[in-house]
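Down below is the structure, laid out as structure tokens.
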Amino acid sequence: MLVVALQALVAVALVVALWRLVDGPETGRLLRSARWDFIALCAAALTAHTLLAALRWRRVARGLGIAIPVQEAVGEYYLSQLVNAVVPGGVVGDAGRAVRSRRPAGLGAAGLAVVLERLAGQYALLIVMGIAVASTIVLPGGVDWPSAAVPLLVVLIAGALGLPALIAGATLLPGRLGARAQDLTAAIRSAVVDRGALASVAGLSLGTTLCILVAFASAAAAVGAPLSLGGIVAVVPVVLLAMLIPITVGGWGVREGAAVALLPLAGVSASGALAASILFGLVALAATMPGIVPLWGRRAARMHRT
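If you count by our numbering, then the sequence shown holds residues -16 to 289, one letter each, in order.
What follows is the structure, given as structure tokens:
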């Protein structure tokens, strides 16, 4: 409980500090005058993101011998998002999703399915960001990168791409470690490569990436801080990836800090960046509310059994 309280406190402290650092009253004005049509578009894009991500999880799990009905996959994904949004760490909901889907293949396969599904989404976002960053450097893209930013982004992308190489290299090791790496490689191949899985997972991951970028761009447009195409595909992914830093609840505060630091590179004011990030977070939280349905259903089922 102490960790939960500390992470919640850090989130609040970061948002309050940013509110004071930038023009807080202007940020509030932008939020109050936000356009509802763009808010609706943001919510629709986030809903589509959840549906596509649930289908991606179902496809990956099928390759590991776990059959999940579509309705169950969607319900479980909403529930995991709701838990991730309100519990520190951002992975508790995913862990629960793995535990509940462990039969008949076992917890190891179920956990691997969840990890691979989440990684597929992050890799798609990184690939889009990498291509976009390279494009905005070579071509005019409305993004004025500082000299230190590009090397850092290159290191981030290279580090992510190095993970598959590390796993592949581990298969060459002798003994039990090499054998386990070979088993892991075979499972990954079965989940995301073989029997048409690669095309399905890649297509669904591209779809989730498009949806999450449209959602953030819609939130920015709603508060009067529209982003250029270069800003959407090159800068917004960095803002979203900052949410993976597990020091707050639901990425709050960290996302806002990244937005205030980076979105001005795409021509957005600091107050507009803060307002866009806060609105995106609020809509994203609201978009997880369908996760209450499976939670309520399980509670009702337990009460019926007793």
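Even for Gly, the Cβ is constructed at its ideal location relative to N, Cα and C.
Is DSSP giving T271 helix, strand or coil here?
To locate residue 271, count along the sequence shown from 1; it is residue 288. Coil.
Are the CB atoms of V222 and A253 nearer to each other than 8 Å?
Translated into positions along the sequence shown, residue 222 becomes position 239. Translated into positions along the sequence shown, residue 253 becomes position 270. Contact: no.
Local conformation of S211 per DSSP, three classes:
To locate residue 211, count along the sequence shown from 1; it is residue 228. Coil, per DSSP.
Does DSSP put S173 in a helix, in a strand, or in coil?
Walking along the sequence shown from the start, residue 173 turns up at place 190. Helix at S173.
L187 to L47, Cα distance in whole Å?
Reading the sequence shown from its first residue, position 204 is the one you call residue 187. Reading the sequence shown from its first residue, position 64 is the one you call residue 47. Rounded to whole angstroms, L187 to L47 spans 18 Å at the Cα level.
Among I120, L155, A56 and V(-1), which residue has its Cα nearest to the Cα of A96?
The residue you call residue 96 lines up with position 113 of the sequence shown. The residue with the shortest Cα to Cα distance from A96 is A56.
Just curious, the alpha helix (DSSP H) that V(-5) is in, first and last residue?
Taking the first residue of the sequence shown as position 1, residue -5 is located at position 12. It spans L(-15) to L4 - the alpha helix (DSSP H) in which V(-5) sits, taken as one unbroken run.
Which class does R238 belong to by DSSP, given the choice of helix, strand or coil?
Position 255 of the sequence shown, counted from the first residue, corresponds to residue 238. Looking at R238 - three-state DSSP - the assignment turns out to be helix.
Quick check: what's the CA-CA separation for C25 versus A259?
The residue given as residue 25 occupies position 42 in the sequence shown. The residue given as residue 259 occupies position 276 in the sequence shown. Cα-Cα distance, rounded: 11 Å.
At the level of alpha carbons, what is the spacing between G11 and C194?
Against the sequence shown, residue 11 aligns to sequence position 28. Against the sequence shown, residue 194 aligns to sequence position 211. Distance between the alpha carbons of G11 and C194 is about 26 Å.
Between the C-alpha atoms of A31 and T191, what's the straight-line distance to the nearest angstrom?
Walking along the sequence shown from the start, residue 31 turns up at place 48. Walking along the sequence shown from the start, residue 191 turns up at place 208. Cα-Cα distance, rounded: 8 Å.
Identify whether A128 lies in helix, strand or coil by the three-state DSSP scheme.
Translated into the one-based positions of the sequence shown, residue 128 becomes position 145. Looking at the sequence shown, residue 128 is not Ala but Trp. Note: W128 maps to coil in three-state DSSP.
Is the distance from the Cβ of V126 to the Cβ of G264 below 8 Å?
Along the sequence shown, read from residue 1 onward, the residue named residue 126 stands at position 143. Along the sequence shown, read from residue 1 onward, the residue named residue 264 stands at position 281. No, the pair does not count as a contact, with Cβ atoms beyond the cut-off.
L13 vs V218 beta-carbon contact at 8 Å
Walking along the sequence shown from the start, residue 13 turns up at place 30. Walking along the sequence shown from the start, residue 218 turns up at place 235. No, these two residues do not count as a Cβ contact at 8 Å.
If contacts are defined as beta-carbon pairs under 8 Å, then I22 and V266 qualify, I think. What distance do you get, rounded to the angstrom?
Here residue 22 refers to the residue found at position 39 when the sequence shown is read from its first residue. Here residue 266 refers to the residue found at position 283 when the sequence shown is read from its first residue. I22 to V266, Cβ: 6 Å. Contact.
Measuring CA to CA, which of Q64, A103, E59 and G72 is closest to V82?
Indexing the sequence shown from 1 puts residue 82 at position 99. That would be E59, whose Cα lies nearest to the Cα of V82.
Measuring only the C-alpha atoms, how far is V243 from A256?
Stepping through the sequence shown from its first residue, residue 243 is reached at position 260. Stepping through the sequence shown from its first residue, residue 256 is reached at position 273. Taking the straight line from one Cα to the other gives about 5 Å.
For T168, the nearest candidate out of L149, L189 and W128 (CA to CA)
Residue numbering aside, residue 168 sits at position 185 when the sequence shown is read from its first letter. The option with the nearest alpha carbon to T168 is L149.
So, under 8 Å CB-CB, L136 and V121 are touching, yes? Tell me the CB distance rounded to an integer number of Å.
Taking the sequence shown and counting its residues from 1, the one referred to as residue 136 is at position 153. Taking the sequence shown and counting its residues from 1, the one referred to as residue 121 is at position 138. Wrong, their Cβ atoms sit about 14 Å apart, outside the cutoff.
What residue range is occupied by the uninterrupted alpha helix (DSSP H) comprising M226?
As a working mapping, residue 226 is identified with position 243 in the sequence shown. No alpha helix (DSSP H) contains M226, which DSSP labels as neither H nor E.
Complete runs of the alpha helix (DSSP H) confined to the region 32 to 108 [at least 4 residues]:
53 to 69 and 75 to 83
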